[in-house]
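Novice: Under numbering that gives the first Met the number 0, think of the first position of the sequence shown as 0, with each following residue one higher.
Ideal placement from N, C-alpha and C gives every residue a C-beta, glycine not left out.
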Amino acid sequence: MSDKTDQMEQALDQVLGLLEARDYEGLRAALESVHPSDMADLVEHLEDEERLSLVQHLPPDLAADTLAEMEDVERPGELLLQLEPERTAEIVREMADDDAADVIGELEPAQQARVLAAVADEEAAEIEELLTYPEESAGGLMTREVLSVSTRL
């Protein structure tokens with residue numbers, strides 16, 4: 000087996016043990032330095048119930064980055080649907096608008112409305128606007144977040 004596979008199995012065993020023990024502080028501590036793409040790979044190896052428990056107990060920023068990194072076939076949007084509305088809002092708030100639109104865009108319109116109802120009006124409106132663009136168009140790929148830097152530093 001490769002080192003990457005061994006590391007994944009060890010991480011998976013550790014996460015499953017911490018979830019089973021309901022040691023959520025230990026879980027957060029163990030995962031705080033894991034890159035979101037590695038976290039997404041780990042989540043993809045969990046059963047649905049374990050995925051939900053993990054996402055419920057991750058810090059909102061790590062949960063947001065993890066969902067954004069998950070493959071569409073893994074249905075990250077459906078995980079959002081299973082969370083309490085307050086938790087959904089925490090996670091979506093931490094996502095870049097384009098990532099939130101990608102995750103929410105995989106859901107049926109009624110499900111999208113449920114998720115967006117948990118989010119603040121202004122942010123929901125921005126995500127809804129991005130959802131109107133075809134996924135692979137410039138509008139579907141863009142983010143509305145902008146960083147400006149003064150030329151007079």
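#1: Which same chain residues end up closer than 6 Å to residue 88 when comparing Cβ atoms and leaving out the 5 residues on each side of it in sequence?
#2: Return the chain-ordered ranges of every alpha helix (DSSP H) run that is complete within the stretch 65-140 and spans a minimum of 4 residues.
#3: To which residues of the same chain is residue 130 closer than 6 Å at the C-beta, ignoring the five residues directly before and after it?
#4: Which residues mark the beginning and the end of the alpha helix (DSSP H) in which residue 2 is found?
#5: What number of angstroms, rounded off, separates the C-alpha of residue 42 from the C-alpha of residue 109?
#6: Using the Cα positions of residue 4 and residue 54, report the straight-line distance between them to the nearest angstrom.
#7: Report the rounded CA-to-CA distance for residue 76 versus residue 151, giving the unit in angstroms.
#8: How many Å lie between residue 142 and residue 96 at the Cα?
Specialist: The structure says:
#1: 117, 118
#2: 75-81, 84-93, 96-104, 108-116, 120-130, 137-140
#3: 100, 104
#4: 2-19
#5: 26 Å
#6: 22 Å
#7: 43 Å
#8: With a pLDDT of 49 at residue 142, under the threshold of 50, the modelled position of that residue is not reliable, and no figure is offered here.
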